[in-house]
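Structure, as structure tokens:
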Amino acid sequence: MKFSAILCGCGAMSKGWLRAIASNPQLAESIAIVGLVDLNRETAEKLAAEFGLESAVIGSDLSEVIATTKADLVFDIVIPAARYDVVSTALKAGCHVLSEKPMAASLTEGAALVDLAAQTGRIHAVIQNRRFISGIRRLRRFVGSGAIGELTGIHCDFFLAPHFGGFREEMDNVLLLDMAIHTFDAARYVADRKPLAVYCVERNPKGSWYRHGASANAIFEFSDDIVFTYRGSWCAEGERTSWESRWRLVGSKGMLTWDGEENFTATVAGEEPGLLRGFAAVNVPGPEHAAETHGHASVIADFIAAIGTGKQAETVNSDNIRSLAMVFGAIESAKTGKRIEISA
Numbered sequence: 189m190k191f192s193a194i195l196c197g198c199g200a201m202s203k204g205w206l207r208a209i210a211s212n213p214q215l216a217e218s219i220a221i222v223g224l225v226d227l228n229r230e231t232a233e234k235l236a237a238e239f240g241l242e243s244a245v246i247g248s249d250l251s252e253v254i255a256t257t258k259a260d261l262v263f264d265i266v267i268p269a270a271r272y273d274v275v276s277t278a279l280k281a282g283c284h285v286l287s288e289k290p291m292a293a294s295l296t297e298g299a300a301l302v303d304l305a306a307q308t309g310r311i312h313a314v315i316q317n318r319r320f321i322s323g324i325r326r327l328r329r330f331v332g333s334g335a336i337g338e339l340t341g342i343h344c345d346f347f348l349a350p351h352f353g354g355f356r357e358e359m360d361n362v363l364l365l366d367m368a369i370h371t372f373d374a375a376r377y378v379a380d381r382k383p384l385a386v387y388c389v390e391r392n393p394k395g396s397w398y399r400h401g402a403s404a405n406a407i408f409e410f411s412d413d414i415v416f417t418y419r420g421s422w423c424a425e426g427e428r429t430s431w432e433s434r435w436r437l438v439g440s441k442g443m444l445t446w447d448g449e450e451n452f453t454a455t456v457a458g459e460e461p462g463l464l465r466g467f468a469a470v471n472v473p474g475p476e477h478a479a480e481t482h483g484h485a486s487v488i489a490d491f492i493a494a495i496g497t498g499k500q501a502e503t504v505n506s507d508n509i510r511s512l513a514m515v516f517g518a519i520e521s522a523k524t525g526k527r528i529e530i531s532a
């Protein structure tokens, strides 16, 4: 089945989506971009020229482009402040929607979109592409194998210093809202547990070129007594971590570390007597399904499969709102100085 799609928001991030579709033969065969929507027509025209989409309808009003093209899907790549209007417009028009993260600019708007998707019978899912990479899939599989016993802790470090320019440098809570949600969502996926509460300290360190919130330290409580800690900064010059964070998983029988790139180390407790009883290395198997490790392409493929089969998309909004709740719980904790319970 061929789906017609409108791409709404034609800035730099849209190119990653289009490249993902073009690079995957199955997606390229099943998706036709029939419309481009952007407030700046010239931006949309440049994108059309770059990706050979000259036949696509170009406009600044999503409702009009949907009406003209009769599209099946909307790919929502707008800034978070515009997300609710774009997604609600598309759902009400009968389109399935795949959004950039975060799924909404507030929990209230997120809950409203969950309800609207249910009411319209359409799928609204979110590009949480970081959970669709080999490393995260390997972590989830390894935890599920029981090799290190019962999971008790997940600890992630994220320290980089990107100079984006543009809207990010003017955002409130920039690290938590724009980037940490990737690690929060991945940790929730790896643990396969529900987030219950959070305590967070957020700062904008000396030397930061962001207006607000470039650094955060958070402690999350998950169900089954699992603790997830996150330490992060977007203005940490010097030797940096991976964009995927540096991970340590602690279990009742051993630990696993991952540098966010290619290096995994897993060890279990040894049997030597003494204060520290040593450890033995264990293998970390590859991902169970290689097709689930291609980032954007894998998320889009999962979304398309959900439409075609009726199965739930992995990043459907009714599930992804839990990751959003982790973000806004952390923001509220940082503002109030209190431990915040997560109810989503």
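Note that the sequence shown covers residues 189 to 532 in this note's numbering.
Cβ coordinates follow ideal geometry from the N, Cα and C atoms, glycine included.
Can you list, in chain order, the residues of its chain whose CB lies under 6 Å from that of residue i, leaving out five sequence neighbours each side?
| i | result |
| --- | --- |
| residue 232 | 198, 224, 226, 246 |
| residue 436 | 343, 445 |
| residue 241 | 221 |
| residue 493 | none |
| residue 452 | 446, 472 |
| residue 337 | 439, 440, 441 |
Quick one: Cα of residue i to Cα of residue j, how far?
| i | j | result |
| --- | --- | --- |
| residue 340 | residue 401 | 29 Å |
| residue 424 | residue 376 | 25 Å |
| residue 271 | residue 322 | 29 Å |
| residue 487 | residue 325 | 13 Å |
| residue 157 | residue 489 | Residue 157 falls outside the range modelled here, since the chain spans only 189 to 532, and no answer is possible. |
| residue 473 | residue 358 | 42 Å |
| residue 521 | residue 528 | 6 Å |
| residue 480 | residue 500 | 15 Å |
| residue 274 | residue 302 | 14 Å |
| residue 475 | residue 335 | 15 Å |
| residue 491 | residue 305 | 14 Å |
| residue 428 | residue 404 | 16 Å |
| residue 407 | residue 292 | 23 Å |
| residue 266 | residue 204 | 14 Å |
| residue 369 | residue 443 | 24 Å |
| residue 248 | residue 360 | 27 Å |
| residue 431 | residue 297 | 28 Å |
| residue 207 | residue 289 | 18 Å |
Leaving out five residues on either side along the sequence, give the residues of the same chain with a beta carbon under 7 Å from the beta carbon of residue i.
| i | result |
| --- | --- |
| residue 259 | 192, 193, 194, 222, 223, 283 |
| residue 352 | none |
| residue 496 | 189 |
| residue 411 | 381, 382, 384 |
My assumption, with CB atoms under 8 Å, is that residue i sits in contact with residue j. Please give the rounded CB distance.
| i | j | result |
| --- | --- | --- |
| residue 485 | residue 215 | 6 Å |
| residue 319 | residue 373 | 6 Å |
| residue 470 | residue 456 | 6 Å |
| residue 264 | residue 286 | 7 Å |
| residue 269 | residue 250 | Their Cβ separation, rounded to whole angstroms, is 15 Å, which puts residue 269 and residue 250 out of contact at 8 Å. |
| residue 503 | residue 313 | 5 Å |
| residue 414 | residue 454 | Wrong, their Cβ atoms sit about 18 Å apart, outside the cutoff. |
| residue 236 | residue 254 | Their Cβ separation, rounded to whole angstroms, is 18 Å, which puts residue 236 and residue 254 out of contact at 8 Å. |
Enumerate in chain order the residues of its own chain whose CB-to-CB distance from residue i is below 8 Å, with the five nearest sequence positions on each side excluded.
| i | result |
| --- | --- |
| residue 510 | 376, 382, 383, 530, 532 |
(request) Answer yes if the stretch 512 to 521 comes into contact with the stretch 359 to 371, meaning at least three C-beta pairs across the two stretches below 8 Å, and no otherwise. (result) yes
(request) Say whether the stretch 387 to 397 touches the stretch 438 to 448, bearing in mind that this needs 3 or more beta-carbon pairs closer than 8 Å, one atom from each stretch. (result) no
(request) For the stretch 368 to 415, list the alpha helix (DSSP H) runs that are entirely contained and at least 4 residues long, ordered along the chain. (result) 369 to 379
(message) Does the stretch 344 to 359 come into contact with the stretch 418 to 433, if we say contact requires no fewer than three beta-carbon pairs (one atom in each stretch) closer than 8 Å?
(response) yes
(request) Run through the stretch 414 to 453 for me and flag every whole beta strand (DSSP E) of 3 or more residues, listed as ranges in chain order. (result) 414 to 421, 434 to 439, 442 to 446
(message) What ranges does the alpha helix (DSSP H) occupy inside the stretch 448 to 528, keeping only unbroken runs of at least 4 residues that lie completely in it?
(response) 484 to 497, 505 to 524
(message) My parser needs the beta strand (DSSP E) runs of 3 or more residues fully inside the stretch 287 to 372; what are they?
(response) 312 to 314, 339 to 347
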